[in-house]
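Residue numbers (our numbering): 63 to 294. See below for the structure under consideration.
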Amino acid sequence: MQAEGNYDEPPLFTADGQAALEQWLAENITYPTNGFENGLHGKVTVRFTVEPDGSLDGIEATAYDDAALAAEAVAALHRSPRWLPGRKGGEPVAVTVTLPVSFRNAIRPKEAVFAAGDSQPADFMGGGLIAFRSWVMSNLEYPTAAYDNNIEGTVVVHFVIDTEGCLTDTHVVASPHSSLTREVLRVLRMSPQWEPARQDGKTVMFRYSLPVIFSMHGTTSGAYTRIGSPTW
């Protein structure tokens with residue numbers, strides 16, 4: 063990230079700086095569905111001004127490898143919380159920032175990823191997808207911020223079980239709110255080891271798509287157990 067202008071202290075996403083910004087982007091950028099399926103990746107350079115009140119203004123993509131990636135990077139930054147503004151002489155000032163945003167589809171082009179019908183599916187704790195659904199349900203919590211603001215809807219996430227049985231390459235392709243996105247990603251990061259899928263006796267990567275439904279009907283914030291039907 064590069065800052066431009068007359069300042070003593072540059073603006074920061076939070077007091078934790080670049081690491082917090084990268085984490086927020088990872089949790090809030092939605093990889094375009096066609097881009098994920100087609101292995102699309104690249105970099106988008108975004109330029110914007112952090113105003114004295116910490117809001118972002120004039121967000122635009124100034125360079126990019128693909129228009130869909132550029133649109134998503136800009137859309138994500140429009141959802142950004144307020145930053146810590148830059149300062150000059152101890153007073154907050156407007157500072158223009160240039161930020162590179164990378165989209166990386168971690169699945170290597172020459173490494174095949176299989177789906178249902180192509181191979182023996184990956185297995186979770188001896189119970190397959192049913193067992194995984196139960197595990198997700200037992201760990202999912204309804205975010206307090208979403209509950210207090212009557213936010214509900216479906217988060218759709220793609221992920222891959224790699225040849226070692228690790229859940230990886232998670233990409234949220236639809237979500238009504240960032241707090242629900244963060245909760246789904248939090249749970250998926252906790253996933254125990256799977257038994258990897260097999261094709262012709264060899265372990266292979268296997269892709270799933272999982273819709274997670276958050277509905278406020280008959281529930282409270284905290285422990286929550288409603289989930290949609292996963293697909294391959």
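Even for Gly, the Cβ is constructed at its ideal location relative to N, Cα and C.
Which two residues bound the contiguous alpha helix (DSSP H) that contains Asp210?
-> Thr206 to Asp210
Give a yes or no on contact between the segment 69-76 and the segment 142-159, applying the rule of three or more CB pairs nearer than 8 Å.
-> yes
Using three-state DSSP, classify Ser283 as helix, strand or coil.
-> Caution is warranted here: a pLDDT of 49 is assigned to Ser283, below 50, making its placement in the model unreliable, and no coordinate value can be reported.
Given a cut-off of 8 Å, decide if Thr111 and Ala156 are closer than it, judged by their beta-carbon atoms.
-> yes
Return the CA-CA distance between Ile169 and Pro114, expressed in angstroms with no decimal places.
-> Residue confidence for Ile169 is low, a pLDDT of 41 falling below 50, so the modelled location carries little weight and cannot support an answer.
May I have the straight-line CA-CA distance separating Val274 from Arg141, to the nearest angstrom?
-> 21 Å
According to the neighbour-count rule (16 or more other Cβ atoms, all chains shown, within 10 Å of its Cβ), is Pro17 buried or exposed?
-> For the chain, the structure presents residues 63 to 294; residue 17 sits outside this window and is missing.
Per DSSP, what kind of secondary structure is Leu131 in: helix, strand or coil?
-> Residue state, collapsed to three classes: helix.
Does the beta carbon of Arg251 fall short of 7 Å from some heavy atom of the ligand ADP?
-> For the ligand ADP, the structure offers nothing, since it holds no ligand at all.
Under the rule that 16 or more other beta-carbon atoms within 10 Å means buried, what is Lys172, buried or exposed?
-> The pLDDT assigned to Lys172 is 39, lower than 50, so where the model puts this residue is not dependable; a value taken from the coordinates is nonetheless given after this. Lys172 should be labelled exposed.
Asp78, buried or exposed, once every other Cβ within 10 Å from all chains shown has been counted against 16 | exposed
Distance, Cα to Cα, Leu131 vs Leu83?
-> 18 Å
Tell me which same chain residues have a C-beta within less than 7 Å of the C-beta of Asn201, skipping the five on either side of it?
-> Taken in chain order, the residues that qualify are Val249 and Met252.
Can you name the residues that DSSP bridges to Tyr126?
-> Val106
How big is the Cα-Cα spacing for Leu191 and Asp185?
-> Their backbone Cα atoms lie some 7 Å apart in a straight line.
Assign Gln182 to one of three DSSP states: helix, strand, or coil.
-> strand
Mind checking who Pro162 pairs with in its DSSP beta bridge?
-> Thr107
Taking all protein chains shown into account, decide if Ser237 is buried (16 or more other Cβ within 10 angstroms of its Cβ) or exposed.
-> Burial call: buried.
Between the Cα of Gly120 and those of Glu245, Arg109 and Ser241, spot the shortest distance and give me the residue it belongs to.
-> It is Arg109.
Going straight from the alpha carbon of Phe276 to that of Val234, what length do you get?
-> 15 Å
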